[in-house]
Amino acid sequence: MTADASPNGGGGALEAVGLEKTFRRRRVVKGVSLSIRPGEVVGLLGPNGAGKTTIFNMIVGLTPPDRGEIVLDGRRITALPMYRRARNGISYLTQEASVFRKLTVAENVMAILETLDLGAGERHTRLGVLLEELGIAHLADQMAYTLSGGERRRVEIARALVLEPRFILLDEPFAGIDPLAVVDVQKVVVHLRMRGIGVLITDHNVQETLEITQRAYIINDGTILQAGAPEEIATSPLVKALYLGEHFAWQGAGAGRERSP
Numbered sequence: 004m005t006a007d008a009s010p011n012g013g014g015g016a017l018e019a020v021g022l023e024k025t026f027r028r029r030r031v032v033k034g035v036s037l038s039i040r041p042g043e044v045v046g047l048l049g050p051n052g053a054g055k056t057t058i059f060n061m062i063v064g065l066t067p068p069d070r071g072e073i074v075l076d077g078r079r080i081t082a083l084p085m086y087r088r089a090r091n092g093i094s095y096l097t098q099e100a101s102v103f104r105k106l107t108v109a110e111n112v113m114a115i116l117e118t119l120d121l122g123a124g125e126r127h128t129r130l131g132v133l134l135e136e137l138g139i140a141h142l143a144d145q146m147a148y149t150l151s152g153g154e155r156r157r158v159e160i161a162r163a164l165v166l167e168p169r170f171i172l173l174d175e176p177f178a179g180i181d182p183l184a185v186v187d188v189q190k191v192v193v194h195l196r197m198r199g200i201g202v203l204i205t206d207h208n209v210q211e212t213l214e215i216t217q218r219a220y221i222i223n224d225g226t227i228l229q230a231g232a233p234e235e236i237a238t239s240p241l242v243k244a245l246y247l248g249e250h251f252a253w254q255g256a257g258a259g260r261e262r263s264p
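In this text, residue positions in the sequence shown follow the working numbering: the first is 4, and each later residue adds one.
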């Protein structure tokens, strides 16, 4: 196995190659291959039980594949544990809230900064930069349990950015938040792309997800049904028949596709 790569070095892709996984004699992922490049937002969409979460878990190292490889910068990292993949620049934000509810916004971000070998002055400087970048500096002293869904997501992403990831996997980022917060999260995802970070995103809010992606994969019954640009996905007769429904109307790329915090 190769040594860990620097999170900031190289410009290669994160790839899943021929992933397969069986649980209790049921094949839930059947030879799936996909890729994410730096500075690109990619959607992973499909019905419940299609295999999306299992694919996410295999990419980040929570679940080992039965077959196939995870490749970063052309090197296999399939055997690396999750913490070493994070060290290589792969971050994962789950659907469940990951903030410390009884800490302030600033304390939440500082808790991650304190895991790094930094002096107190540099930690506080980086804290200020991250809070400003994510548009949450005015919330620095606010308790996390008082935050809206969109604000909480911004704090979670600020915490993830402490480790300077090259790729972020977002699991259901629009779940359980109101329409205004959805737009807020869209802006943050676009900002990540403009920052040069590759983003893989899965969500049941198809329209909102496709608005901010450059490419998308549709997963059905453990296999890739179709891959392509959002317009291709949204207008595909096959995808409509098996997933979106015949009456799904593509509204085009939203303004969120170009906006940032």
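From the three backbone atoms N, C-alpha and C, an ideal C-beta is built for every residue, glycine too. Since the structure is predicted, the reported quantities are computational estimates derived from the model, not experimental observations.
Counting along the chain, T238 sits inside the alpha helix (DSSP H) bounded by residues 233-238. Closest in C-alpha terms to R29, from the list G49, G42, T57, S38, comes T57.
Short of 6 Å from the beta carbon of S101, and not among the five residues preceding or following it, lie these beta carbons of its own chain, in chain order: E159.
Of the other Cβ atoms in all chains shown, fewer than 16 fall within 10 Å of the Cβ of D181; this residue is therefore exposed. T81 and K55 have their C-alpha atoms roughly 18 Å apart. In this chain, A53 is not harboured by any alpha helix (DSSP H), its DSSP state being neither H nor E.
Taking the Cα positions, E18 is about 35 Å away from H127.
Inter-segment contact for the stretch 38-54 and the stretch 80-98 is absent: fewer than three beta-carbon pairs are separated by less than 8 Å. Per DSSP, reduced to three states, the secondary structure at V45 is strand.
Residue state for K243 is assigned as helix, using DSSP reduced to three classes. Straight-line spacing of the CA atoms in G34 and R129 works out to 42 Å. Across the structure, A109 and A140 are spaced so that their CA atoms are roughly 8 Å apart.
In this structure, DSSP gives F59 a helical state, which the three-state scheme calls helix.
In the DSSP assignment, G201 forms a beta bridge with F170. DSSP, reduced to helix, strand and coil, places I221 within a strand of the structure shown. Of I200, R70, D69, P176, the smallest CA-CA separation from L166 is found for I200. Straight-line measurement puts the Cα of F103 at about 18 Å from the Cα of P176. When the alpha-carbon of A114 is set against those of A163, M197, L203, the nearest one is in A163. Within the same chain, Cβ atoms closer than 7 Å to the Cβ of V209 are found at L48, L247, the five residues on either side in sequence being excluded. Counting along the chain, no alpha helix (DSSP H) covers V165, and no H or E run does either. Counting along the chain, no alpha helix (DSSP H) covers A178, and no H or E run does either. Closest by C-alpha distance to V44, out of Y148, N60, L173, E154, is L173.
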